[in-house]
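A.B. asks: Starting off with a structure, shown below.
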Amino acid sequence: MRIFLAPFMALALLVLGNVHANASTAKTDNVAAQLEADVTTIVPGKAFNAVLKMDIRKHWHTYWLNPGDAGEPTRINWTLPEGVTAGDIIWPVPQTIALGPLINYGYKDEAVYIVPIQTSAELPAGQTLNFSAHITWLVCEDICIPEDGQFSFSVQTGPATIANTKWQKMAQKALAETAKPDASIKTGATLKGETLTYSFAGPGLGKAKTAYFFPVDTGAVRHAEPQLLSRGTDGFTLWTKPGFRAKRGLNDPIEGILTLDGKAISLSVQPGPAPAETGADTLPGAKPAATGPGALLQALLFAFIGGVILNLMPCVFPVLSMKAMGFVKRAHDHASEIRRHGVLFLVGVMVSFLALGGLLIALKASGQQIGWGFQLQYPPFVAALALLFFVLGLMLLGFMHFGGRFMGMGSELASSGGNTGAFFTGVLAVIVASPCTAPAMGFALGFTLTQGAGVTLAIFAALGLGFAAPFFALSFFPSLLRLLPKPGQWMVRFGQLMAFPMFAAAVWLVWVLDGQAGSIGVAAVLAAMTLIAFAIWAAKGERAGKITAAIAVLATVWVLWSGLNGKDTKGLEPQVWSPTIVQTLLAKDHVVFVDFTADWCITCQVNERVALSSKKVARAFKKENAVYVVADWTNRNDDIARELARHGRAGVPLYLVYHPGIKEPQVLPQILSEGMVINAIKRE
């Protein structure tokens, strides 16, 4: 029997031996990682490289030292033999990875990290150096998974260094592709309001085609904001928005990697003005503008053509559908009536474009760096536009109607024969067209925004003329309109069909709002839509129903105001909850407010906006020497689950207030107010 089992035992030992030999590898569903030395033998006192290679699942990514808007960098925790030290990770050059409204810095497909290892000259020859490392990384696609692996490898000491050929070649290739310093490049960084500029001067830099700066500091820039390139004779400037730490002032050099036309350069950007002519005073993303009458005429022509093409852009389609309905209705009207509507539509477009240009000039004069479509950078405007499209869709479906005095609204706005309707159709068309840019508009807008107020208004007027031209021309050639079908039942179905582009536009705007105001802003708009639908239903009743509808409209305004005017961050500086933190803080005579919350808990998010975000509450916490502690249950946490159960709760929110000298905490209601929080933390 033993003789029979012997081959299988030998095979088992061989397999176990291979497991030990492959302890330098770890494989998950998403990452295959290997850690090896680039030598098999090292002379004591010499250095070698540890090489970490990660093969990353397709469409997934890991993170750089600064992960960007979200994420965690790869970390290595070494257990080293005596007489050996490990240096910092030499990171591969990152890439930008967009995920919704966020920008992350990291790696796709493959990443190779190098860690320099220094040995002591005192090490004896012939010694086996055993290395082990616990490596953690975060790998993400639509979801993020924290992963880790335990690795080990060995290196012998000897009279001569012997290469581990495969891994040495890999290390050499990785090191050749890492960012290198360039002493010839001079740098500068300035902060003016909400504009942060990084300037780079050096031989040939004025011809840069593409550039991006990856700062090591997570608070240096707003990662999701673009870095706009402006060239000068001696270099270039990148324009962007400052991060939370940069807003406090540019006092220290900003370490990072500059990727420049495919080349990676490691450098420190020094605080201070541009070191030379780097285009720092020119428009972000624009070359110095041409001047003279020829350039102006060219810009006006491109603006007109761009305005015409703007009619075909997707963001204008919902209003085009309403305009089409209006022209179908008027196709058999008297010619003078049709012309009057065309003129009023033109006036509405021109007034709106000129007002938009004037507002842009005023904001630019105040020092803000803005451009076409800037109004859609403001969450209240985006929310209002989403609600407008929602209401227009309901009107086209026949759920609501307005009389003649409201002809400037909704579908009546476009399809009515009223003068007000024709004018405000032009206004609404410009409002929804503003986020779109037609192909020919780029040159015109670049020219406009680098010129004075008069030229700017002239270009915007040309845009307006081009935008209104197709429908204005139709109004002066009634014979073309008579080719359209006569009004009839088909128009009802066509109008109902056109409601769905309205709803699609509303959905898109809510998606935009999510990136600006987060889940609370989206919830506010969705709640407002629900209240509007309720108001429409209630208004069909008698007097009591109309009063109820009016109350619902007021509630809509309040919901939007509270949802969109909450702060992006709490007015309190939170500490992370742990099972021992409360007793530690109580021992230091702090009042402790514990917030058991989660990102997916709507009640929690509303309470944070309504009751925990104000300066008034922050002042009360400071006055009472109170500490705000957050127990975040967004992800599973058994300690938090046990603490909730200890207080008889199975979910969040839960708010506990501890006072020094009082054994049991005060349990607050699940719906908070500022006054309730302030009274709870007051000392007796």
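Start counting the sequence shown at 1295; every next residue gets the next number (this note's numbering). By construction, the Cβ of each residue, glycine as well, lies at the ideal position given by its N, Cα and C atoms. The model shown is predicted, which means the values in this text are computed figures rather than measured ones.
In whole angstroms, what is the alpha-carbon distance linking A1415 and K1340?
C.D. replies: The straight-line gap from Cα to Cα measures roughly 7 Å.
A.B. asks: Return the CA-CA distance between N1458 and N1371, expressed in angstroms with no decimal places.
C.D. replies: Cα to Cα, the separation comes out at about 23 Å.
A.B. asks: Hey, would you say H1355 sits closer than 8 Å to K1321, going by beta carbons?
C.D. replies: Against a cut-off of 8 Å, the Cβ pair of K1321 and H1355 comes out as no contact.
A.B. asks: State buried or exposed for Q1466, treating a residue as buried only when at least 16 other CB atoms are found within 10 Å of its CB.
C.D. replies: By the 10 Å Cβ count, Q1466 comes out exposed.
A.B. asks: If you scan the segment 1336 to 1390 from start to end, which runs of the beta strand (DSSP E) of 3 or more residues do you find wholly inside it?
C.D. replies: Qualifying beta strand (DSSP E) stretches, in chain order: 1341 to 1350, 1355 to 1362, 1369 to 1373 and 1378 to 1380.
A.B. asks: Quick one: is D1932 buried, meaning 16 or more other Cβ sit within 10 Å of its Cβ, or exposed?
C.D. replies: D1932 comes out exposed.
A.B. asks: What residues in its chain sit with their C-beta under 6 Å from that of Y1492, if we drop five residues either side in the sequence?
C.D. replies: Result list for Y1492: A1483, F1507, L1532 and V1563, in chain order.
A.B. asks: Between the Cα of S1524 and those of V1515, A1518, L1791 and T1534, spot the shortest distance and give me the residue it belongs to.
C.D. replies: The candidate whose alpha carbon is nearest that of S1524 is T1534.
A.B. asks: Ignore the nearest five residues each way along the sequence and tell me which others in F1425's own chain have a CB closer than 6 Å to its CB.
C.D. replies: Contacts found: F1447.
A.B. asks: When the distance is taken between beta carbons, is F1890 closer than 8 Å to A1925?
C.D. replies: A contact, by the Cβ cut-off of 8 Å.
A.B. asks: Output yes or no for whether 8 Å exceeds the beta carbon distance between D1349 and L1396.
C.D. replies: Cβ distance not < 8 Å, so D1349 and L1396 don't count as in contact.
A.B. asks: My understanding is that V1885 touches H1953, with C-beta atoms under 8 Å, so please give their C-beta distance in whole angstroms.
C.D. replies: Confirmed, Cβ separation roughly 6 Å.
A.B. asks: Please report how far the alpha carbon of G1513 lies from the alpha carbon of P1764, in whole angstroms.
C.D. replies: When rounded, the distance between both Cα atoms is 49 Å.
A.B. asks: Between which two residues does the alpha helix (DSSP H) holding T1750 run?
C.D. replies: Note, T1750: alpha helix (DSSP H), A1747 to S1769.
A.B. asks: Between the beta-carbon of G1760 and the beta-carbon of F1538, is there less than 8 Å?
C.D. replies: No, the pair does not count as a contact, with Cβ atoms beyond the cut-off.
A.B. asks: Classify Q1964 as helix, strand or coil using the three-state DSSP reduction.
C.D. replies: Three-state result, Q1964: coil.
A.B. asks: Taking M1435 as the reference, give the member of D1893, R1351, W1802 and V1911 with the closest Cα.
C.D. replies: What sits at residue 1435 in the sequence shown is Glu, not Met. Minimum Cα distance to E1435 is reached at R1351.
A.B. asks: Which same chain residues end up closer than 7 Å to G1661 when comparing Cβ atoms and leaving out the 5 residues on each side of it in sequence?
C.D. replies: Since pLDDT at G1661 reaches only 48, below the 50 mark, its modelled position is unreliable, and the value read off the structure follows with that caveat. Excluding sequence neighbours, G1661 sits near K1486 and G1487.
A.B. asks: Going by CA-CA distance only, name the one from A1912, R1903, K1910 and L1880 that's closest to P1959.
C.D. replies: Taking only the C-alpha atoms, the option nearest P1959 is L1880.
A.B. asks: Assign P1520 to one of three DSSP states: helix, strand, or coil.
C.D. replies: Note: P1520 maps to coil in three-state DSSP.
A.B. asks: How is H1635 classed by DSSP in three states: helix, strand or coil?
C.D. replies: Three-state result, H1635: helix.
A.B. asks: What did DSSP end up calling C1895 once you bin it into helix, strand or coil?
C.D. replies: Of the three classes helix, strand and coil, the one that applies to C1895 here is coil, per DSSP.
A.B. asks: Taking the alpha-carbon of A1380 as reference, which of A1680, H1353, V1345 and A1392 has the nearest alpha-carbon?
C.D. replies: Ranking the options by Cα distance to A1380, first place goes to V1345.
A.B. asks: Would you report the Cα separation of G1942 and L1803, rounded to the nearest angstrom?
C.D. replies: Rounded to whole angstroms, G1942 to L1803 spans 42 Å at the Cα level.
A.B. asks: Whose CA, out of K1347, R1913 and P1375, lies closest to the CA of P1338?
C.D. replies: Per the Cα distances, P1375.
A.B. asks: Between K1917 and K1882, what straight-line distance do the alpha-carbon atoms span, to the nearest angstrom?
C.D. replies: Roughly 15 Å between the two C-alpha positions.
A.B. asks: Can you tell which of A1470, L1522 and D1555 has its C-alpha closest to the C-alpha of T1504?
C.D. replies: Nearest option by C-alpha distance: D1555.
A.B. asks: If you reduce the DSSP assignment to three classes, tell me which class T1322 lands in.
C.D. replies: DSSP places T1322 in coil when its eight states are reduced to three.
A.B. asks: Tell me whether K1910 sits in a helix, a strand or coil according to DSSP, three-state version.
C.D. replies: DSSP places K1910 in helix when its eight states are reduced to three.
A.B. asks: Suppose the cutoff is 7 Å on Cβ atoms and the five residues either side in sequence are ignored; what does the same chain contact list for A1974 look like?
C.D. replies: These residues qualify, in order along the chain: V1951, Q1960 and L1962.
A.B. asks: Give the DSSP-derived three-state secondary structure of N1605 in the structure shown.
C.D. replies: Three-state result, N1605: coil.
A.B. asks: Span of the alpha helix (DSSP H) holding L1681?
C.D. replies: L1681 -> alpha helix (DSSP H) spans P1673 to L1690.
A.B. asks: Just curious, the alpha helix (DSSP H) that D1932 is in, first and last residue?
C.D. replies: That run of the alpha helix (DSSP H) goes D1932 to R1940.
A.B. asks: Excluding the 5 residues flanking S1318 on each side, which residues of the same chain have their C-beta closer than 7 Å to its C-beta?
C.D. replies: So the list reads Q1328, L1329, E1330, F1445, S1446 and F1447, once near-sequence residues are dropped.
A.B. asks: Per DSSP, which one or two residues make a beta bridge with P1565?
C.D. replies: For P1565, which the question treats as bridged, DSSP gives the partners A1483.
A.B. asks: State buried or exposed for H1428, treating a residue as buried only when at least 16 other CB atoms are found within 10 Å of its CB.
C.D. replies: Classification for H1428: exposed.
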